[in-house]
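Colleague:
Right, dumping it as structure tokens:
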């Protein structure tokens, strides 16, 4: 056999051996694997209430305005309703573990109320007062007493209208000017 044929045969055998050994020495391809895991999701909810569409988050939140308007100093009576937003009655929305209640605690000037009224608006410059009371009805027959719950929520998360009416009474010696009071209302839930 001539050298070139032997060299070609040897080269072919070497290549064949390399291919065979290479195939045997090469590990099989990795098997695809699927792993699963979990995500733990949690949320803790607490009871909450909203007045006029805003969740109450701070002491001293505004529940509305009782504006008796403009009257002459010789007026005898003036009526108004507590308004929440945009001249609409106050709204209350709650969902908690117990049925929430609203209670009038007191007004800043209650000690100056006269004629059987509960509250009083002060003209601090003149030291004069206009007495008034709060009511659950527009006819002013159901007085809202300090310290007694006057409204209990349905507690189903729906928005409820809370009607609070006021009636102010005139008196002798009133002077022109602005008369104001701040009444604290408590929510228990």
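In this note's numbering, the protein residues as written are 224 to 412.
All C-beta atoms, glycine included, are put in the ideal place defined by N, C-alpha and C.
Return the CA-CA distance between residue 260 and residue 267, expressed in angstroms with no decimal places.
Modeller: Numbered from 1 along the chain shown, position 37 holds the residue referred to as residue 260. Numbered from 1 along the chain shown, position 44 holds the residue referred to as residue 267. Residue 260 and residue 267: Cα-Cα distance of roughly 23 Å.
Colleague: Only counting the same chain, and skipping five residues up and downstream in sequence, which positions put a Cβ closer than 7 Å to that of residue 336?
Modeller: Within the chain shown, the letter at position 113 stands for residue 336. Hits under 7 Å: 342, 343 and 354.
Colleague: Under the assumption that residue 314 contacts residue 378 (Cβ atoms under 8 Å), give the Cβ distance between them as a whole number of angstroms.
Modeller: Position 91 of the chain shown holds residue 314. Position 155 of the chain shown holds residue 378. That belief does not hold up - the Cβ atoms of residue 314 and residue 378 are roughly 15 Å apart, past 8 Å.
Colleague: DSSP beta-bridge partners for residue 346?
Modeller: Residue mapping note: residue 346 aligns to position 123 of the chain shown, counting from 1. Partner(s): 351.
Colleague: So the beta strand (DSSP E) residue 330 belongs to, where does it begin and stop?
Modeller: Taking the first residue of the chain shown as position 1, residue 330 is located at position 107. It spans 324 to 330 - the beta strand (DSSP E) in which residue 330 sits, taken as one unbroken run.
Colleague: Spell out whether any CB of chain D is found under 8 Å from the CB atom of residue 283.
Modeller: Here there is only one protein chain, and chain D is not present.
Colleague: Using only the alpha-carbon positions, how far apart do residue 287 and residue 263 sit?
Modeller: For the purposes of this step, residue 287 is taken as residue 64 along the chain shown, with counting starting at 1. For the purposes of this step, residue 263 is taken as residue 40 along the chain shown, with counting starting at 1. For residue 287 and residue 263, the distance between alpha carbons rounds to 42 Å.
Colleague: Grab me the residues of residue 321's own chain with a C-beta within less than 7 Å of its C-beta, minus the 5 sequence neighbours each way, in chain order.
Modeller: As a working mapping, residue 321 is identified with position 98 in the chain shown. If we look at residue 321 and ignore the five residues flanking it on each side, its Cβ neighbours are 412.
Colleague: Using a threshold of 8 Å, state whether the C-beta atoms of residue 408 and residue 327 are closer than that.
Modeller: To locate residue 408, count along the chain shown from 1; it is residue 185. To locate residue 327, count along the chain shown from 1; it is residue 104. Against a cut-off of 8 Å, the Cβ pair of residue 327 and residue 408 comes out as a contact.
Colleague: To the nearest angstrom, how far is it from the Cα of residue 299 to the Cα of residue 394?
Modeller: Here the question's residue 299 lines up with position 76 in the chain shown. Here the question's residue 394 lines up with position 171 in the chain shown. So the alpha carbons of these two residues sit roughly 7 Å apart.
Colleague: Quick check: the region 281 to 296 against the region 366 to 373, are there 3 or more CB pairs under 8 Å?
Modeller: The region 281 to 296, when compared against the region 366 to 373, does not touch it at the 8 Å Cβ threshold.
Colleague: Does DSSP put residue 333 in a helix, a strand or coil?
Modeller: Within the chain shown, the letter at position 110 stands for residue 333. It is helical.
Colleague: My guess is that residue 400 and residue 357 are in contact by the Cβ rule of under 8 Å, so how many angstroms apart are they, rounded?
Modeller: Position 177 of the chain shown, counting from 1, holds the residue named residue 400. Position 134 of the chain shown, counting from 1, holds the residue named residue 357. Not really, about 23 Å apart at Cβ, beyond 8 Å.
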